[in-house]
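Okay, so the sequence shown: first residue is 105 according to the working numbering, each after it adds one.
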Amino acid sequence: MSDKVTVLVAGSWGTALASVLAANHSEVYLWTRNSNQAAEINATHTNNQYLPGITLPANIIGTTDMEDAVSGSKAVVIVAPSSAMRQVARSLKPFWKEEMLCVHATKGFETESMKRMSTVISEELGCTEAQVVVLSGPSHAEEVVRLCPTTVVVASPDDKLAAAAQELFINNDFRVYTNRDQVGVELAGALKNIIALGAGLSDGLGYGDNAKAALLTRGLAEISRVGVELGANPLTFSGLAGIGDLVVTATSKHSRNWRAGSMLGQGKPLPEVLESMGMVVEGIRTTEAAYAISVKLGVQMPITDQIYHVLFKGRTPRNAVEALMGRDRKTEMESISQETWEQWHS
Numbered sequence: 105m106s107d108k109v110t111v112l113v114a115g116s117w118g119t120a121l122a123s124v125l126a127a128n129h130s131e132v133y134l135w136t137r138n139s140n141q142a143a144e145i146n147a148t149h150t151n152n153q154y155l156p157g158i159t160l161p162a163n164i165i166g167t168t169d170m171e172d173a174v175s176g177s178k179a180v181v182i183v184a185p186s187s188a189m190r191q192v193a194r195s196l197k198p199f200w201k202e203e204m205l206c207v208h209a210t211k212g213f214e215t216e217s218m219k220r221m222s223t224v225i226s227e228e229l230g231c232t233e234a235q236v237v238v239l240s241g242p243s244h245a246e247e248v249v250r251l252c253p254t255t256v257v258v259a260s261p262d263d264k265l266a267a268a269a270q271e272l273f274i275n276n277d278f279r280v281y282t283n284r285d286q287v288g289v290e291l292a293g294a295l296k297n298i299i300a301l302g303a304g305l306s307d308g309l310g311y312g313d314n315a316k317a318a319l320l321t322r323g324l325a326e327i328s329r330v331g332v333e334l335g336a337n338p339l340t341f342s343g344l345a346g347i348g349d350l351v352v353t354a355t356s357k358h359s360r361n362w363r364a365g366s367m368l369g370q371g372k373p374l375p376e377v378l379e380s381m382g383m384v385v386e387g388i389r390t391t392e393a394a395y396a397i398s399v400k401l402g403v404q405m406p407i408t409d410q411i412y413h414v415l416f417k418g419r420t421p422r423n424a425v426e427a428l429m430g431r432d433r434k435t436e437m438e439s440i441s442q443e444t445w446e447q448w449h450s
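See the structure below:
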């Protein structure tokens with residue numbers, strides 16, 4: 105079988121994963137719509153718009169031709185923004201074959217439908233969701249390309265496919281675990297971006313470590329709450345895709361979501377924040393989708409609710425914090441059904 109692997113698209117995370125794959129495989133094709141970007145990758149082995157100052161492995165090949173990118177590949181790794189995922193998967197469809205391993209590493213929802221990315225991809229490729237392996241975990245692109253030790257998880261209810269994805273990526277710098285809870289891994293990766301926005305808001309307001317620690321802890325509680333409602337294993341949220349990814353995204357200078365939240369907390373308007381970022385801030389679209397999901401399911405997500413009103417309804421960050429602090433008194437540990445208790449301890 106060919107040792108060629110394909111990555112769609114050439115943003116910071118896609119490029120970082122291409123770099124990981126290039127250490128393991130002879131050819132890695134990195135697809136982009138931007139011909140100048142493809143030419144830069146091939147001529148200078150750089151992608152300075154997204155990862156300035158980084159030299160990429162020479163066996164990464166940039167291309168704008170989807171057929172050229174995918175033909176003969178043993179695996180396709182999709183790292184498109186959530187807003188472009190359906191279009192990219194649709195473009196892939198004519199060239200994708202059942203025997204190709206399909207992995208996605210995008211953390212978000214399709215806002216209009218509130219669907220997870222594996223659902224979107226499976227609909228467009230005409231395969232089952234289990235055939236779309238999810239890669240997630242605490243993993244900033246800026247550190248991955250510098251070979252900083254990184255640990256992630258790949259998830260599919262199909263053990264063979266999860267093991268194949270593990271084998272595709274794992275090396276001495278990039279450790280990969282498997283997990284059967286595709287739904288939980290995918291939800292955790294998407295929803296933590298909302299809490300990271302909130303952590304940035306808190307820091308931008310100057311509220312300090314106490315407030316941020318509480319925000320992360322209660323944020324994880326509401327992520328778990330909606331996750332279990334949607335069929336996830338609650339233990340997933342204490343793992344790499346859950347608390348691991350939440351901590352790194354909510355506390356790091358590399359986090360787009362934290363940086364965007366910090367600027368909002370300092371009083372900058374959302375359009376100005378988005379313009380200055382220059383890259384997609386997935387947490388903003390995810391907040392919109394998660395708010396709609398919480399309303400639809402009748403699940404309480406108070407932090408998400410307040411961030412939604414800051415982003416889309418004109419509420420000030422300070423008023424949002426006051427609303428959270430002024431909520432009715434609660435017990436920390438919520439009551440759970442016998443069925444859920446048994447699931448936790450099975």
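Each residue gets a CB set at the ideal place from its N, CA and C atoms; glycine is no exception.
All values reported here derive from a predicted model rather than from experimental measurement.
Checklist entry - Sorted by chain position, which residues of the same chain lie with C-beta nearer than 7 Å to N151's C-beta, five sequence neighbours on each side aside? => result For N151, where only same-chain residues beyond five positions count, the Cβ hits under 7 Å are A114, T119, Q141, E144, I145 and L160.
Item to check | Residues bridged to W117 [DSSP beta-bridge criterion] | outcome: For W117, which the question treats as bridged, DSSP gives no partner whatsoever.
Checklist entry - Once you ignore the five residues that flank G365 on each side, which residues in its own chain have a CB closer than 6 Å to its CB? => result The beta carbon of G365 sits closer than 6 Å to those of L301, G304 and L305, all from its chain and outside the five residues before and after it, given in chain order.
Checklist entry - Roughly how far, in whole angstroms, is the beta-carbon of G323 from the beta-carbon of I299, given that I think they are within contact range, below 8 Å? => result Right, the Cβ-Cβ distance comes to about 3 Å (below 8 Å), so this counts as a contact.
Next on the checklist: Taking the straight line between their C-alpha atoms, what separation do you get for W445 and Q404?
Outcome noted: Any reading at W445 must be qualified, since the residue scores a pLDDT of 49, below 50, and its modelled position is unreliable; the value itself is stated next. Computed Cα separation, rounded: 20 Å.
Checklist entry - What's the C-alpha gap between V377 and R363? => result C-alpha separation (whole angstroms): 9 Å.
Next on the checklist: Does the contact criterion of 3 or more C-beta pairs under 8 Å hold for the region 206–222 versus the region 282–299?
Outcome noted: Yes: the two stretches touch, three or more of their Cβ pairs being nearer than 8 Å.
Item to check | Residue burial classification, A184 (beta-carbon count within 10 angstroms, cutoff 16) | outcome: So A184 counts as buried.
Checklist entry - Quick one: is S139 buried, meaning 16 or more other Cβ sit within 10 Å of its Cβ, or exposed? => result Exposed, because fewer than 16 other Cβ atoms sit within 10 Å of the Cβ of S139.
Next on the checklist: Taking the alpha carbon of A354 as the reference point, which residue from A318, V258, S380 and P338 has its own alpha carbon closest?
Outcome noted: Here the closest residue by C-alpha is A318.
Next on the checklist: Just to confirm before moving on: does the CB-CB distance between A179 and V109 stay below 8 Å?
Outcome noted: Their beta carbons are under 8 Å apart, which means A179 touches V109 by this criterion.
Checklist entry - How close, in whole Å, do the beta carbons of F416 and E392 come, if the pair is a contact with beta carbons under 8 Å? => result Contact between F416 and E392 holds, since their C-beta atoms are separated by about 7 Å, short of 8 Å.
Item to check | Under the three-state DSSP convention, the category R220 falls into | outcome: In this structure, R220 counts as strand in the three-state DSSP scheme.
Checklist entry - Of the residues K296, H129, A193 and T148, which one's Cα is nearest the Cα of L112? => result Comparing Cα-Cα distances from L112 to each of K296, H129, A193 and T148, the minimum goes to A193.
Item to check | Contact check, K372 vs N297, beta carbons under 8 Å | outcome: The Cβ atoms of K372 and N297 lie no closer than 8 Å to each other.
Item to check | Same chain, Cβ closer than 8 Å to R389, neighbours up to 5 away in sequence not counted | outcome: Excluding the 5 residues flanking it on each side, R389 has same chain C-beta neighbours closer than 8 Å at S186, S187, G212, F213 and T215, in chain order.
Checklist entry - From this set, P375, R329 and Q410, which residue's C-alpha is nearest M437's C-alpha? => result If you compare the alpha carbons of P375, R329 and Q410 with that of M437, the shortest gap goes to R329.
Checklist entry - So which of H413, R419, G418 and I407 has the shortest CA-CA distance to R431? => result Of the candidates H413, R419, G418 and I407, the one whose C-alpha sits nearest the C-alpha of R431 is I407.
Next on the checklist: Distance check for V414 and M218, CA to CA, integer angstroms please.
Outcome noted: Each residue's Cα considered, the two are about 20 Å apart.
Next on the checklist: Taking a contact to mean a Cβ-Cβ separation below 8 Å, would you say S177 touches S116 in this structure?
Outcome noted: Annotated as distal: S177 and S116, with beta-carbon spacing of 8 Å or more.
Next on the checklist: Let me make sure I understand the geometry here. Which of T420, L368 and Q410 has the alpha-carbon closest to that of L428?
Outcome noted: Considering only alpha carbons, the answer is Q410.
Item to check | E233 burial status per 10 Å Cβ neighbour count (16 or more: buried) | outcome: Burial call: buried.
Item to check | For H149, the first and last residue of its enclosing alpha helix (DSSP H) | outcome: For H149, there is no enclosing alpha helix (DSSP H), since its DSSP letter is neither H nor E.
Checklist entry - So which of A209, E203, L205 and D172 has the shortest CA-CA distance to S195? => result Minimum Cα-Cα distance from S195 among the listed residues A209, E203, L205 and D172 corresponds to D172.
Item to check | DSSP state of L155 mapped onto helix, strand, coil | outcome: L155 carries a coil assignment under DSSP once its states are collapsed to helix, strand and coil.
Item to check | Within the region 279–330, ranges of the beta strand (DSSP E) (whole runs, at least 3 residues) | outcome: The region 279–330 contains no whole beta strand (DSSP E) run of 3 or more residues.
Item to check | Residue interval of the alpha helix (DSSP H) (run including E233) | outcome: It is not in any alpha helix (DSSP H) - E233 carries neither H nor E in the DSSP assignment.
Checklist entry - If we call anything under 8 Å between Cβ atoms a contact, is A269 one with V207? => result Going by C-beta atoms, A269 is nearer than 8 Å to V207.
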